[in-house]
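Down below is the structure, laid out as structure tokens.
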Amino acid sequence: MKNIRDKNVGATIAYDASGNATVVKMASYDRLGRKEKQWVVFMTQGMPAIQLSYEYNQSDE
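The sequence shown begins at 1 in my numbering and counts up by one.
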């Protein structure tokens, strides 16, 4: 993760019934609280990590 400032990142971790992590989702936010980037990491062998980037126009869409 490049160009990410401290305290601008959040994470959610999903666990299976055995207590093992299955999915990790991380996101970075701008100063207005809008999501800038999101990463999804599936803890299953062979599953690729996904990165999403968000851009907003003047009407926040």
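For each residue, glycine too, the CB sits at the ideal point set by N, CA and C. Since we're looking at a predicted model, the values are computed, not measured.
Rounding to the nearest angstrom, what Cα-Cα distance links F42 and S59 in this structure? Counting from one through the sequence shown, the residue named residue 42 turns up at place 42. Counting from one through the sequence shown, the residue named residue 59 turns up at place 59. Whole-angstrom Cα-Cα distance: 33 Å.
On a Cα-Cα basis, can you pick out the residue from D16, K37 and V23 that is closest to P67? Look at the range of the chain in this structure, 1 to 61, and you will see that residue 67 is not part of it.
Looking only at C-alpha atoms, which of Q45, A21, W39 and T44 sits nearest to Y84? Nothing in the structure corresponds to residue 84, since the chain is present only between 1 and 61.
Alpha carbon of M26 to alpha carbon of V9, nearest angstrom: Residue numbering aside, residue 26 sits at position 26 when the sequence shown is read from its first letter. Residue numbering aside, residue 9 sits at position 9 when the sequence shown is read from its first letter. Whole-angstrom Cα-Cα distance: 7 Å.
Pull up the CB-CB distance for Y56 and R31, whole angstroms please, since I reckon it's below 8 Å. Counting from 1 along the sequence shown, the entry for residue 56 is found at position 56. Counting from 1 along the sequence shown, the entry for residue 31 is found at position 31. With 8 Å as the limit, Y56 and R31 do not qualify as a contact, their Cβ atoms being about 12 Å apart.
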